[in-house]
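Below you'll find the structure, written out as structure tokens, and then a few comments.
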Amino acid sequence: MSDFFLELFSEEIPPNLQTNATKKLFFDLNNFFEVNNIKVKGSTNSFCTPNRIIINFSNISKDVVKKSEEIRGPSVDAKSEALEGFLKSHNIKKIQIRSKSTEKGTFYFYKKPEKKLKTVDLLKENLPNILDKINWNKSMKWGNNKMFWGRPLKSILAVFDEKKIEFNFHHLKASNYTFLDKDFEEKTKNFNNFKSYQAYFKSKKIILDQVKRKNFIINELNKVSKANYLLVDLKENLLDEITNIVEKPKIILCEFDKKFLNIPKEILIITMQNHQKYIPTFDKKQNLTNFFLVVSDTKDLKGYVKLGNERVIDARLSDAEFFWNRNKSQNLIKQLSDLKKINFFKGLGSYFDKTQRLKKLSSLISDELMISKEKIEIAASICKVDLKSDLVGEFPELQGIMGGHFAEAQGFEKEVCQSISEHYLPSGLHSKVPKNLYSITLSLSDKLDTLVGFFGIDLIPTGSRDPYALRRYTIALVRLIVENKIRIKLRSIINYSLTLYKEQGYEFDITKVLKELNNFILDRLKNYSKEKGIRSDIIESSILSNDIDELYNGYKKAEVLYRNIGKEIVRDVVGIYKRSSNILNNEIIKNKIELSNSVDTGLFKNDFEKNLYKKIQDTKKYFVNFGKNDNFEECLKELFKFKQDVNCFFDNVKVNDENELIKKNRLELLNLLCKNFDNFFNFSKIEG
Amino acid sequence: MVSKKKKSNKKYLSFQDSILNLQKYWSKQGCVILQPYDLEVGAGTFHPATTLRSLGTKTWRTAYVQPSRRPTDGRYGDNPNRLQHYYQFQVLIKPSPDNIKKLFLNSLSSLGIKHEEHDIRFIEDDWESPTLGAAGLGWEVWCDGMEITQFTYFQQMAGIECNPVSVEITYGMERLCMFIQNKKNVFELNWNDQGILYKDVFYQSEKEFSAYNFEHANTDNLLKIFDMLEDEAKSLTEKKLSLPAYDQCLKASHVFNILDSRGVISVAQRAEYIARIRELTKMIGKVWIETQI
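Line order of the protein sequences matches chains A and B. 1 is the number of the first residue of the first sequence in our numbering; add one for each residue after it. 1001 is the number of the first residue of the second sequence in our numbering; add one for each residue after it.
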């Protein structure tokens, strides 16, 4: 049994590229061992640092038996050159082959005998291909070389059974040495096994294993913050990024001038996290403090690292403070007309035009959600003014949030500030959804205005391309409505939005926009439901009976149905529906019967028909009186009550009566039954 | 409490000595030390010794300081970090040598930045210049959290695939010296060791050029000049005179930058102007490769 160990040393490769490359390489090597029947009995490892990809497989079989196989050669009728070529390529003589007839004709066959191969030879032969198969998202060339890699690849260390595996990979020759220091690449050292390699780097305090490195960083961050009575809110993305840009992490506690705490905390946090990759800290009351943690890649021998980082944050925050002081006092209302200079989109006017539309659109929605028209109109008018500010120019991800802060600094009411701050939310499938009705109204208006506009000028996303993030906006729309249980008639709001565009001189094809946007929104509802684990046939059915005017109902019904799908109640309700609709559909198609949608009670021949009819009428009343606060579980129970009458009907009544009139009347009855069900839910597409 | 500045008697390198040291250092590495290009450019990359020389198969090593102008970054001398005119120190080596990281780190020691005392990091930063039709992969180099250098392997220039690949190292001299001299305000930098500060040299110029760039540049004339320069560049390209054509292209590019800072170019026009300059660069790049002696 032997060990295989591979190290690829390069200049610093970006975190994502390096982690993906490591995963892919490890996966492909596993695959290679499996396909070639090479047994791996020991542990396997795949590590990465910014400069090194390290793979280790231990306890691998040295030899592998390649089973005998029969190889088809040329047809016996083919020219002799073909046969000669075949013999030559396998290095065999004619005596070693035989002819055999198959369905496709008679061919020569060569039975390749069982063969013992050395694992190391297979590795030697296949490693270059495996390395070339790494799919870098972005790769580059350097010097005079032809190779593509994430950043320049400097050495390949490949060892099997304590001996180097000799192979060439583009301009590089694999060996058993690597560079010890990542920066100067001066000293090299031979390593003949993974153990000595690990021991060496451990002695240099370099943590090769990214999982261990991450845990080490987390522990150290917690330790330092705890010792200083601070709290940290560790973001997974940031941690992963930091983990993959250091190899021997050291935590340094730094601080900035307390005066900067007067700036909105979002600015401070974004500067620290996104721009500098620092960890902000909080006190026990969750207030941001002026301490922050730096994950350095070196020991701070002379205190320069701490000093340098503090100077950087000081310069950055001074800039931010200057802008904050300037921007917060710039009157939002007075700046409104400046929005005329900022184009919203070609063919959809300026941001001034947009806010004029938003004002009216949110005013309409405010009627439905019963909030103050006056406040939402103010919020809508000024919600885009922050786009002009230096701070949003500097920190685009703070759009809206800054607007909220400016409004607060200028004494606007709380609802106004909050709705401006939150009107870009939710920004994705998993981000926070605003709960405040003012925020919901403004966010809905903003999204609908954008969607209507882009659909109006025919920039509808196709395929996987969505350059204007319209899918994201629509998902946001769906989440705002569904997760806040908002009952709102989207159709009329879209219509009004189209009118508002028209008032500004932008004429769109109204029917087309309505139809396409309708389908687009319903598609997103489907995706959203799928994401929530709801079976797609159920959501499809739900959409059939609930259009975009009932987005919430559509989702909720599907959700209730899905929750109960395995239970007797749903099984029976679906059963009743399908039994009726199958008969109905068969008869209608087979005999081309046209239904008039009216039942003649005079044609009833027995109580089973009468009872069913009565039950249908009762249920109809139930649904009419049902009102707005639908409890869909109750609805299901109501439909379930049909079970007895429907079963009696089918057990005792022959729909296919000889008298055509009676037959038709019975079909009308079934039709009425199905329609009654459809009122709640179209069960026809439910599977099983 | 913010950590106090360390008081020491250590003498920090002056601005002019930093440039001299870098020149000396890269000269020792076999670089041709050039002087700044004598036209207004936005960055050291625009110097023909980088743009044009990075094209084609001939080897090339150069280093030079390049005054660079970014009209929109002017702040009338009021901002401690922003200037409309500043210095870049530029190194270009083709093909990129294997030990370039070492060469770079040693250049920092020539400025008094000792590798073992600082946290030096190579952080992903891919570079693209729409006006030059250029793209590259590399890093921004952080020293204790401060970006001090851009480090790029050119993959494409003037729309042409680079083969061999050049490496470009660009030091932002003001920022680097603020780091070395421990200064918070660029105007406080020691220009030399005789008490001359950065503001003594450039404060007035920042004030006046900001006024020119933002308020007084005659945009009607500049718009015409842009068109004239573009025509000239095209006709020189037809005559296979790549270097004079490239000069016109640089001038046009600077005119565009002033127009941009005067705020007379809309978003849509902006993209169009950039595309026009890129087209010129591409044509010139082709001619240069054909005609290079």
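We put the beta carbon where it would ideally sit given N, CA and C, even for glycine.
Legend entry - Three-state secondary structure assigned by DSSP to F412 of chain A: coil
Legend entry - Partners in chain A for M1146 of chain B, counting only beta-carbon separations shorter than 9 angstroms: G308, N309, R311, V312, A315
Legend entry - Pairwise C-alpha distance: I420 of chain A and F256 of chain A: 30 angstroms
Legend entry - Cβ contact (3+ pairs, closer than 8 angstroms) linking the region 1139–1152 of chain B and the region 1106–1124 of chain B: yes
Inset, instruction - Go ahead and label A1294 of chain B buried or exposed: buried means 16 or more other beta carbons lie within 10 angstroms of its beta carbon, across all protein chains shown. - result: Since the first residue of chain B shown is 1001 and the last is 1293, residue 1294 of chain B is not available in this structure.
Legend entry - 8 angstroms Cβ cutoff met for L740 of chain A and V573 of chain A: Residue 740 of chain A falls outside the range modelled here, since chain A spans only 1 to 688, and no answer is possible.
Inset, instruction - Consider the Cβ of E166 of chain A: report whether some Cβ of chain B lies at a distance smaller than 8 angstroms. - result: no
Legend entry - Closer than 7 angstroms at the beta carbon, the chain A residues around C1143 of chain B: G308
Legend entry - Short-range partners of chain A found in the region 1009–1028 of chain B, where Cβ spacing is below 8 angstroms: none
Inset, instruction - Please check if any C-beta of chain A sits within less than 8 angstroms of the C-beta of I1123 of chain B. - result: yes
Inset, instruction - Below 7 angstroms CB to CB, which residues in the same chain sit around A558 of chain A once its five sequence neighbours on both sides are set aside? - result: S529, I534, I538, I539, S542
Inset, instruction - Could you name the residues of chain B that K142 of chain A contacts, counting a contact when the two beta carbons are closer than 7 angstroms? - result: First, the amino acid is wrong: residue 142 of chain A is Trp here, not Lys. Here the neighbours are S1096, Y1153, V1165.
Inset, instruction - Tell me where the beta strand (DSSP E) around D63 of chain A begins and ends. - result: 63–66
Legend entry - Beta-carbon proximity list for E723 of chain A, same chain, < 7 angstroms, skipping 5 on both sides: One cannot answer for residue 723 of chain A here, as it falls past the ends of chain A, which runs 1 to 688.
Legend entry - Where the alpha helix (DSSP H) containing R326 of chain A begins and where it ends: 304–328
Legend entry - Option nearest N1185 of chain B by Cα separation, candidates A:K605, A:R316, A:I251, A:E408: A:R316
Legend entry - Backbone CA spacing between M402 of chain A and Y438 of chain A [nearest angstrom]: 17 angstroms
Inset, instruction - Could you check the C-alpha separation between R524 of chain A and T474 of chain A for me, to the nearest Å? - result: 7 angstroms
Inset, instruction - Pull up the distance between the alpha-carbon of I156 of chain A and that of S175 of chain A, whole angstroms please. - result: 6 angstroms
Legend entry - Proximity of L1176 of chain B and F1187 of chain B at Cβ, strictly below 8 angstroms: no
Legend entry - Residue-level contact to chain B via CB, K138 of chain A, 8 angstroms cutoff: yes
Inset, instruction - Could you have a look at K1239 of chain B and say whether DSSP puts it in helix, strand or coil? - result: coil
Legend entry - Minimum Cβ-Cβ distance from E1117 of chain B to chain A less than 8 angstroms: yes
Legend entry - Top-ranked residue by Cα proximity to Q210 of chain A, from A:K675, A:I54, A:E594, A:Y278: A:I54
Inset, instruction - Assign I270 of chain A to one of two classes, buried (16 or more other C-beta atoms within 10 Å of its C-beta) or exposed (fewer than that). - result: buried
Legend entry - Proximal chain A residues relative to K1102 of chain B, where beta-carbon distance stays under 9 angstroms: D183, F184, E185, E186
Legend entry - Proximity winner among A:N126, A:L127, A:F169, A:K138, relative to K146 of chain A (alpha-carbon distances): A:F169
Legend entry - Residues near S75 of chain A by beta carbon distance below 6 angstroms, same chain, minus five either side: G105, F107
Legend entry - At least three beta-carbon pairs within less than 8 angstroms, the region 1023–1030 of chain B to the region 1047–1059 of chain B: no
Inset, instruction - Pick out whichever of B:H1254, B:V1091, B:L1083, B:Y1076 has its Cα sitting closest to the Cα of Q1150 of chain B. - result: B:V1091
Legend entry - Given L87 of chain A as reference, the closest of A:D77, A:K100, A:S101, A:R72 once Cα atoms are compared: A:R72
Inset, instruction - Determine the burial state of N237 of chain A: buried for a count of at least 16 other Cβ atoms within 10 Å of its Cβ, exposed for fewer. - result: exposed
Inset, instruction - Please say whether F1256 of chain B and F1209 of chain B have beta carbons closer to each other than 8 angstroms? - result: no
Legend entry - K1024 of chain B, DSSP secondary structure in three states: helix
Legend entry - Sheet register partners of Q1088 of chain B (DSSP bridge): B:Q1066, B:G1172
Inset, instruction - In the DSSP assignment, find the alpha helix (DSSP H) that holds F642 of chain A and state where it starts and stops. - result: 642–652
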